[in-house]
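Read top to bottom, the protein sequences are chains A and B.
Counting in the working numbering, the first sequence runs without a single skipped number right up to 476 at its last residue.
Counting in the working numbering, the second sequence runs without a single skipped number right up to 694 at its last residue.
Since the structure comes first, as structure tokens, the remarks are kept for the end.
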Amino acid sequence: MRFRGGYDILLQGRPEGLVRPMPEPATLYLPLRSPRFTFTEICVRHGQDVKAGDPLARDRRNHGVPLLAPRSGRVNLESAENHTVLEQAVKLQQPSDPARKQMSHIERESGAAVMRQRQLLALGAWQFFYDAHTGALPDPTGSPQAIIVCTLGLEPFVTRGDVQLRSRLLNFTRGLEHLQSLLEYQPIFLAIPDIRSDFADIIRNRIRGYASVKILAVPLTYPYDNFRILARRLGLKRSNGPVWALRTEGILAVDRALTLTKPCLVRIVSIGGAGVVPATHIKVMPGYPLKMIKEKYVFEPVARIINGGILTGETLGEQTLGLDAECRGLTVLPEQEGREFLGFTRPGWGRSAYAPCFLSSLRQRFRERFSTGMRGEGRPCISCNYCEDVCPAGIAPHLIHKYLYRGLIDGAERARVDLCVECGLCSFVCPSKIDLRRQFFEVKQLIHDEKQAICEEKARLEAVREAGK
Amino acid sequence: MKSVLRLFEKARPVFQKGGRLAVLKPIYEALENFLFAPSTATTTAPHVRDPLDLKRFMSMVILALIPCIVAAFYFFGLRLAAMIAVSYMAGGTVEVLFAVIRKEDINEGFLVTGMLFPLIMPPTVPLWMVAVGVAFGVFVGKELFGGTGRNLFNPALVGRCFLALAYPETMSAGWLEPSSELVGRFFKYVDASSVDAISSATPLALAKQGEMCSLSHLLLGSVPGSAGETSAIAIILGGVFLLVTRVANWRTVVGILGSFTFLAGILHHAQSARFGPASWHVFAGGLLFGAFFMATDPVTSPTSNAGKWLYGAIIGSTTVLIRNFTGYVEGVTFAILLGNIVAPVLDEMVFTVRFWRLKSEE
Ligand code: SF4
Ligand code: SF4
């Protein structure tokens, strides 16, 4: 299968290729929730002193993935709701080594690969692994049919892979080698923008001998960096077992964990969008106070701060105080201002639109300063087919929408709503301003819950029958 | 502008739920949002939206119609203005009425229908017929199905079809002879009473009797016919604009014109005495207007791209068949309505194949 659909939104505020340092914070606010994880099991006491690298909390539902203390300091569990606060944070020369402590517990017979995977989990590198099909955290005791490594970050504006890689190429290739050691014969697919670039040559030279790294060229169009789309592009079927997927930061974390046996504590995060000066990358750690970032970079008085990219990210509310453990970038959007008089009659010299209905299509492609405005009223679907044209999953969003409008959930199921990767492009282009992505997201959830309920019901009946015997 | 906006703000409570004029909320909202772009903001991802909205989308069609409208004024005179006004008023009344009854927003789609309808009418048709036709079209063709976006048939064509069946003489007998003066009829009001200007037949009717008018007349539009359908150049100009802005899908247009030319070419080749050349037929009658402005209506055509090809082919070939083998001289209206009927079936077919192929993918 080839890549389908896709579209690049040209939005002002693309982060530059620099990484700027940030001042060391005195207090860290670690949210107990991130997109995938909810750290329910707190491992520290209020007022306890912890060292950098100590686990503060774990997520039991996700194989006990730990929330590591990025700095040494004193735990405060009471000052902020849903956060673990680390006060008097200091950077120690010698972070603690939770891996070594844990290693002794692990039975030797579980195999070298599984042991390494455990080590990754303990050192906070496992959280960078994704199941390509479901997006969930893979089982650290399992083994995949293949691994996809993607160096691209195409959604506006998440951290750019090339920025993370700068001057860390050695670490990257070493990380790939480590990854190899988790596998027996399964292939690693490396998705990069250009197979003829210098970067590709270096990678090819360095990993010579590790024959199972295959390089795949990915066009720079959103959302071809999506793991599920990549898995489909590579023909990796779900029925053949899990596919693991990592991004650049994941490989770097693997390298750090397995070469130095050190936890991965700081990371590079982008800050971009129309409300940021200058749009750039910053070096921070989870829990970094959002206030300090805002003060330094956000000049827009009313702005929406988004955790992640503009198309799939979540709005960060007032109650969130620090960066979460999975943050891939911050995007800042000015809120919608005033109302345009006879807006639809404007020639639109400065509009960056999907369909060339504005004068701007006579210009070269340029970046528009988008705001949070809906830019139109909700209307019934007019079947313009734009959504189908941009959909990377090859499904027909308008068809699913029409089924859902009539309440036909099984119709939506038949129309393969399950293939939707929630990239958000359909909602973006829809001239009728239909919230397609959200509808699909919700109905998928519904179908999932229903299936779960049926399974549970079956299990219950089974148990009753067993007991009856 | 600020003061106008403030006026709207002040008037809002009257139209809100419980207000004195709450029934008229759709009208108030339509007017407000017509003048001022709405201020709603996104709530969930994606946090930004494309600048294109339905108002702009529909105004593109109106813009694309301008060459046709100018040509119609030039050849048939100021009466067109009256027809457009009547069409908007009658159709608008139905639309607003239904919006009020359904408590929904007034939809922009009607702006296009109201403009398209007079352009496919004979220029001398009585104004009351314009009103009846457009009201019927909007009511039966659109509102009964649930409004814009849910209709099966192109409302303008339903209106025209209705008139053609109900009043066949008026709709096909008296055609206005186009102006032959250099300044055209920009400043003249000509109606059915000015007998000297009435000709008996359109080029297609004449062609049936073996009399072909010259191609240059067809291109320019100086032939009798429906108000906006005669000038091929003007239609192509506007039509290409629509295709470039992607408001109309090129597949439909290419499908129709391609299949039409192909079939008409074969017929001409087989019996050149009986059937006119394809290059002439393409420009005659309402084919171009239908292909560019009527069949491309996104709502009533198939949504999938493959479906659009099939749809175009069906319309194009049906038109050839009706034109050449039936008593009707013009077949586009019926062909497109037929296409509208099969459109959902075509989509169904395309999607069935698609989902079957997707099955093997993940
Ligand atoms: S959100 Fe889903 S349906 Fe919409 S374009 Fe993306 S993959 Fe397709
Ligand atoms: S983009 Fe919106 S209006 Fe167009 S077909 Fe898709 S859902 Fe319908």
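We put the beta carbon where it would ideally sit given N, CA and C, even for glycine.
**Message:** Between A/C295 and chain B, is the shortest Cβ-Cβ distance under 9 Å, so that the two count as touching?
**Reply:** Along the first sequence, one-based indexing puts residue 295 of chain A at 288. Residue 295 of chain A is actually Tyr in this sequence, not Cys. Chain B, which has no Cβ nearer than 9 Å to the Cβ of A/Y295, makes this no.
**Message:** Quick check on B/G542: buried or exposed, where buried means 16 or more other Cβ atoms within 10 Å of its Cβ?
**Reply:** Counting from 1 along the second sequence, the entry for residue 542 of chain B is found at position 210. So B/G542 ends up on the exposed side.
**Any non-hydrogen atom of ligand 4 within 8 Å of A/E162 CB** = The model on display carries ligand 1 and ligand 2 but not ligand 4.
**Prompt:** For A/Y14, does the three-state DSSP call read helix, strand or coil?
**Reply:** In the first sequence, residue 14 of chain A corresponds to position 7, counting from 1. Three-state DSSP puts A/Y14 in coil, outside helix and strand.
**Message:** I'd like to know whether the C-beta atoms of A/P285 and A/E23 end up nearer to each other than 9 Å.
**Reply:** Numbered from its first residue, the first sequence carries residue 285 of chain A at position 278. Numbered from its first residue, the first sequence carries residue 23 of chain A at position 16. Contact flag set, yes.
**Item:** Heavy atoms of ligand 2 versus C-beta positions, residues under 7 Å
**Value:** A/C388, A/I389, A/S390, A/C391, A/N392, A/Y393, A/C394, A/E395, A/P404, A/H405, A/H408, A/C433, A/V436, A/C437, A/P438, A/S439, A/I441, A/L443 and B/T635
**Message:** Please list the terminal residues of the continuous beta strand (DSSP E) segment that includes A/D66.
**Reply:** Counted from its first residue, the first sequence places residue 66 of chain A at position 59. That run of the beta strand (DSSP E) goes P62 to D66.
**Request:** Report the partner residues of A/V291 according to the DSSP bridge assignment.
**Result:** To locate residue 291 of chain A, count along the first sequence from 1; it is residue 284. DSSP output for A/V291 lists A/R274 as bridge partner(s).
**Request:** Sort out for me which residues DSSP pairs A/V97 with in a bridge.
**Result:** For the purposes of this step, residue 97 of chain A is taken as residue 90 along the first sequence, with counting starting at 1. DSSP, once it has assigned bridges, lists A/S79 as partnering A/V97.
**Prompt:** Closest Cβ-Cβ distance between A/G20 and chain B: below 9 Å?
**Reply:** For this step, residue 20 of chain A is matched to residue 13 along the first sequence. It does not: the Cβ of A/G20 has no partner Cβ on chain B nearer than 9 Å.
**Prompt:** Under the criterion of a Cβ to heavy atom distance below 8 Å, does A/G12 qualify as lining ligand 1?
**Reply:** For the purposes of this step, residue 12 of chain A is taken as the residue at position 5 of the first sequence. Correct: A/G12 has its Cβ closer than 8 Å to ligand 1.
**Request:** Could you pull out every residue in the same chain whose Cβ sits closer than 7 Å to the Cβ of B/P609, ignoring the five residues on either side in sequence?
**Result:** By 1-based counting over the second sequence, the position of residue 609 of chain B is 277. Within the same chain, B/P609 has close Cβ partners H600.
**Request:** Using a Cβ-Cβ cut-off of less than 8 Å, give me the residues of the segment 616–649 of chain B that come near chain A, in sequence order.
**Result:** P630, V631, S633, T635, S636 and N637
**Asked** Grouping DSSP H, G and I as helix and E and B as strand, with all else coil, what is A/G383?
**Response** For this step, residue 383 of chain A is matched to residue 376 along the first sequence. Of the three classes helix, strand and coil, the one that applies to A/G383 here is coil, per DSSP.
**Message:** Using a Cβ-Cβ cutoff of 9 Å, what residues of the segment 376–395 of chain A are near chain B? List them in chain order.
**Reply:** F377, S378, T379, G380, M381, R382, G383, E384, G385, R386, P387, C388, I389, S390, C391, N392, Y393 and E395
**Prompt:** Within 8 Å: the Cβ of A/E449 and any heavy atom of ligand 1?
**Reply:** Within the first sequence, the letter at position 442 stands for residue 449 of chain A. No, Cβ of A/E449 sits at least 8 Å from all heavy atoms of ligand 1.
**Item:** Listed by chain order, chain B residues near A/I313 by CB distance under 7 Å
**Value:** For the purposes of this step, residue 313 of chain A is identified with residue 306 of the first sequence, where counting begins at 1. The answer, in chain order, is H379.
**Item:** CA-to-CA distance, A/D66 to A/E48, given in whole angstroms
**Value:** Here residue 48 of chain A corresponds to residue number 41 of the first sequence, with the count starting at 1. Here residue 66 of chain A corresponds to residue number 59 of the first sequence, with the count starting at 1. Each residue's Cα considered, the two are about 6 Å apart.
**A/I402 Cβ short of 8 Å to ligand 1 heavy atom set** = What you label residue 402 of chain A is simply residue 395 of the first sequence in a count that begins at 1. Under cutoff, so the answer is yes.
**Asked** Between A/G431 and ligand 1, is the CB less than 8 Å from at least one heavy atom?
**Response** Numbered from its first residue, the first sequence carries residue 431 of chain A at position 424. Correct: A/G431 has its Cβ closer than 8 Å to ligand 1.
**Message:** ligand 1 and A/C334: does any heavy atom of the ligand fall closer than 8 Å to the residue's C-beta?
**Reply:** The residue given as residue 334 of chain A occupies position 327 in the first sequence. Outside the cutoff, so no.
**Prompt:** Per DSSP, A/P314 forms a beta bridge with which residues?
**Reply:** In the first sequence, counting from the first residue as 1, residue 314 of chain A sits at position 307. The sequence shown places Asn at residue 314 of chain A, rather than the Pro named in the question. Answer is A/E321 and A/L337, bridged to A/N314.
**Request:** Leaving out five residues on either side along the sequence, give the residues of the same chain with a beta carbon under 7 Å from the beta carbon of B/T635.
**Result:** As a first step, residue 635 of chain B is located in the second sequence; it is residue number 303 there, counting from the start. Here the set comprises D679.
**Request:** Identify the contact partners of A/T352 in chain B, using a Cβ-Cβ distance below 8 Å as the criterion.
**Result:** The residue given as residue 352 of chain A occupies position 345 in the first sequence. Residues of chain B passing the Cβ test: S391.
**Request:** Quick one: grab the DSSP three-state call for B/I646.
**Result:** By 1-based counting over the second sequence, the position of residue 646 of chain B is 314. In this structure, B/I646 counts as helix in the three-state DSSP scheme.
**Prompt:** Between the segment 411–420 of chain A and the segment 358–368 of chain B, are three or more C-beta pairs nearer than 8 Å?
**Reply:** no
**Item:** Span separating the alpha-carbon of B/G597 from that of B/F615
**Value:** Residue 597 of chain B sits at position 265 when you count from the first residue of the second sequence. Residue 615 of chain B sits at position 283 when you count from the first residue of the second sequence. Rounded to the nearest angstrom, the two C-alpha atoms are 14 Å apart.
**Message:** ligand 1 and A/L426: does the residue's C-beta get closer than 8 Å to at least one heavy atom of that ligand?
**Reply:** Position 419 of the first sequence, counted from the start, is the residue given in the question as residue 426 of chain A. Flag set: Cβ of A/L426 near ligand 1.
**Item:** Helix, strand or coil at B/L489 according to DSSP, with G and I counted as helix
**Value:** Locating residue 489 of chain B in the second sequence gives position 157, where the first residue counts as 1. Here B/L489 sits in helix by DSSP.
**Prompt:** If you run the structure through DSSP and keep just helix, strand and coil, what is A/E85?
**Reply:** Locating residue 85 of chain A in the first sequence gives position 78, where the first residue counts as 1. DSSP places A/E85 in coil when its eight states are reduced to three.
**Request:** Ignore the nearest five residues each way along the sequence and tell me which others in A/S359's own chain have a CB closer than 6 Å to its CB.
**Result:** Sequence index remark: in the first sequence, residue 359 of chain A carries index 352 (1-based). Counting only Cβ-Cβ distances below 6 Å, and skipping sequence neighbours, we find L17 and E375.
**Prompt:** Using the beta-carbon of each residue, which ones in chain B are nearer than 7 Å to A/Q343?
**Reply:** On the first sequence, position 336 is the one that residue 343 of chain A refers to. What A/Q343 touches in chain B: S371 and A373.
**Asked** Can we say the segment 498–511 of chain B touches the segment 623–631 of chain B, given the rule of at least three CB pairs closer than 8 Å?
**Response** no
**Request:** Report whether the distance from the Cβ of A/V397 to the nearest heavy atom of ligand 1 is below 8 Å.
**Result:** As a working note, residue 397 of chain A is residue 390 in the first sequence. Yes - ligand 1 has a heavy atom lying nearer than 8 Å to the Cβ of A/V397.
**Request:** Quick one: list the residues of chain A neighbouring B/R578, beta-carbon separation under 7 Å, in chain order.
**Result:** The residue given as residue 578 of chain B occupies position 246 in the second sequence. A362 and P363, listed in chain order.
**Prompt:** What separation, rounded to the nearest whole angstrom, lies between the Cα atoms of A/F351 and B/S558?
**Reply:** Position 344 of the first sequence, counting from 1, holds the residue named residue 351 of chain A. Position 226 of the second sequence, counting from 1, holds the residue named residue 558 of chain B. Whole-angstrom Cα-Cα distance: 30 Å.
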